[in-house]
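Protein sequences appear in the order of chains A and B.
Okay, so the first sequence: first residue is 90 according to the working numbering, each after it adds one.
Okay, so the second sequence: first residue is 199 according to the working numbering, each after it adds one.
Think of the CB as a built atom: it goes at the ideal place given N, C-alpha and C, for glycine as much as any other residue.
Bear in mind that the values here come from a model prediction, so they are computed numbers and not experimental data.
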Amino acid sequence: DGGITQSPKYLFRKEGQNVTLSCEQNLNHDAMYWYRQDPGQGLRLIYYSQIVNDFQKGDIAEGYSVSREKKESFPLTVTSAQKNPTAFYLCASQTGPDSPLHFGNGTRLTVT
Amino acid sequence: GNSVTQMEGPVTLSEEAFLTINCTYTATGYPSLFWYVQYPGEGLQLLLKATKADDKGSNKGFEATYRKETTSFHLEKGSVQVSDSAVYFCALSDRGGSYIPTFGRGTSLIVHP
């Protein structure tokens, strides 16, 4: 079955460490997105990529980095520069401009 | 720019009650409109969509009609169940402008037996 896989589901890190969240899709979608969700908050866009080897900053890119070396993969690195990294992170993909997003099941990151 | 405004929650209903969650939008181009649902601890799932004015999207008893004159896409269900308890997000993708999706803040629905 096609879909988006995010791993791991839960991730724990110490402050000052970088951590990479995985996002893989087998839907053959060109566009991929990373969102951050905090309790009681909506979705905030971190980075997006509309094509391989290209990506753009979203609304809250500071302290995060991404790569898009393959169509299927869009990993997100949360760096030590991110002031408040504890959150629920969602990856999504999209096939075209007016098509719906397909979401993974998220990674809950806790930094202590 | 584009924006989506949803009614604030939580919305608390008894089982079998009628549900309406209001959603209005502003867009510079010709948006497609979506409702997504998020169950606790999960990602969002597409619930329904409409791509042009007067289209009605429907799924699992939920409906929403694309109203261009009022720039609205309100979600309705005639009889809610406990299993409908979730967070509902209204969203748009604008084919005429940036097609980066724009989401509302989400509305939490709690249905009591």
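- Per the C-alpha coordinates, the member of Arg-197/A, Ser-182/A and Pro-189/A positioned closest to Ala-120/A is Ser-182/A.
- By the rule that beta-carbons nearer than 7 Å mark a contact, Phe-144/A does not touch chain B.
- The three-state secondary structure of Val-155/A, taken from DSSP, is strand.
- Among the CB atoms of chain A, none fall inside 7 Å of the CB of Ser-212/B.
- Pro-299/B reaches chain A at Leu-190, counting residues in chain order whose Cβ is nearer than 7 Å.
- The C-beta separation of Gly-241/B from Phe-144/A comes to about 20 Å, leaving the pair out of contact by the 8 Å criterion.
- For Ala-215/B, same chain residues with a beta-carbon under 7 Å away, outside a window of 5 residues either side, are Val-278 in chain order.
- Taking all protein chains shown into account, Ser-291/B has 16 or more neighbouring C-beta atoms within 10 Å of its C-beta and is therefore buried.
- For Gly-92/A, the nearest beta carbon of chain B is not closer than 7 Å to its own beta carbon.
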